[in-house]
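S.K.:
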Amino acid sequence: MLLTNDQRFLLDILREVRCMRLDQILPLMRLRDPAKAKSHCEAILRYLRYAGELVPVGDNLVCLAEFRGQAADPEMLCALDILLSLAIGPPLQLTSRRPPYKLCFLLERGRESGKIDAFAVLPVEPGREQLVSILLAQQSQDVTVLLSLSDLEQHRLLHINQRHYFVIRKEGRLRFFKGGEASQ
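Letter by letter, the sequence shown follows residues 1069 to 1252 in this note's numbering.
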């Protein structure tokens, strides 16, 4: 099957995240091309559905056909929101196959800076803060860990050596707090 670069880009990301909300697709496509229009994204989705690559899930989700019938992972959807909040261009690499992290990605700092930052999103369930601290003590120090919390008070129970930020959804928006500054 012949695919455009945009169609391949969307499928590559869906192979990692499995499902995404429709409202995440346009911002994702605009990382590749800021002039991308909603109608273009709708055409991409229509073609990929017709080709049997994608299936709609309810009114606001789309997933790869091979994951039909599986529930969307809310933690992965949040991890994708975090990526979209940080990125100014397309991720250079994206993977969901690096436990204990939910999603790992490489982002270029500026279009021409040549500097690349590694990020890893790790959801922290209430009551699992000590386990997360132990798991992170065994991980590489060269990645910025983005800890997705359900309550900001969880940060007091986490002891982390890596560069890290706490991420919390507040009033429908993601808020980022630098590690060590979350209580301010």
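Ideal Cβ positions, reconstructed from N, Cα and C, are used throughout, including at glycine.
Would you mind reading off the limits of the beta strand (DSSP E) that contains residue 1236?
M.R.: Here the beta strand (DSSP E) through residue 1236 covers 1232–1238.
S.K.: Pull up the distance between the alpha-carbon of residue 1145 and that of residue 1173, whole angstroms please.
M.R.: Rounded to whole angstroms, residue 1145 to residue 1173 spans 14 Å at the Cα level.
S.K.: Here's the rule: buried if 16 or more other CB atoms are within 10 angstroms of the residue's CB, otherwise exposed. What is residue 1088?
M.R.: Answer is buried; the Cβ neighbour count reaches 16.
S.K.: To test your reading of the DSSP string, which unbroken alpha helix (DSSP H) runs of 4 or more residues are found completely within the segment 1159–1243?
M.R.: With a minimum length of 4 residues, the continuous alpha helix (DSSP H) runs that stay inside the segment 1159–1243 are 1197–1205.
S.K.: First and last residue of the beta strand (DSSP E) that includes residue 1089?
M.R.: Run containing residue 1089: 1087–1089, per the beta strand (DSSP E) assignment.
S.K.: Assuming contact is defined by CB atoms lying nearer than 8 Å, are residue 1230 and residue 1207 in contact in what I supplied?
M.R.: Contact flag set, yes.
S.K.: Just to confirm my understanding: we take residue 1236, look at its own chain, exclude 5 residues before and 5 after, and list those with CB closer than 7 Å. What are they?
M.R.: Hits under 7 Å: 1217, 1220, 1243.
S.K.: Please report how far the alpha carbon of residue 1149 lies from the alpha carbon of residue 1092, in whole angstroms.
M.R.: Their backbone Cα atoms lie some 7 Å apart in a straight line.
S.K.: When the Cα atoms are used, what is the spatial distance from residue 1086 to residue 1132?
M.R.: Taking the straight line from one Cα to the other gives about 6 Å.
S.K.: From the DSSP output, in three-state form, read off residue 1142 for me.
M.R.: Three-state DSSP puts residue 1142 in a helix.
S.K.: Can you tell me whether residue 1154 is buried or exposed? The criterion is at least 16 other CB atoms within 10 Å of its CB, across all chains shown.
M.R.: By the 10 Å Cβ count, residue 1154 comes out buried.
S.K.: Can you tell me whether DSSP reads residue 1095 as helix, strand or coil?
M.R.: Reduced to three states, the DSSP call for residue 1095 is helix.
S.K.: Please classify residue 1110 as buried or exposed, where buried requires at least 16 neighbouring CB atoms within 10 angstroms.
M.R.: With fewer than 16 other Cβ atoms within 10 Å, it is exposed.
S.K.: Rounded to the nearest angstrom, how far is the Cβ of residue 1112 from that of residue 1078, given a contact under 8 Å?
M.R.: The pair is a contact, with the Cβ atoms about 6 Å apart (cut-off 8 Å).
S.K.: In angstroms with no decimal places, state the Cα-to-Cα distance between residue 1081 and residue 1165.
M.R.: The straight-line gap from Cα to Cα measures roughly 13 Å.
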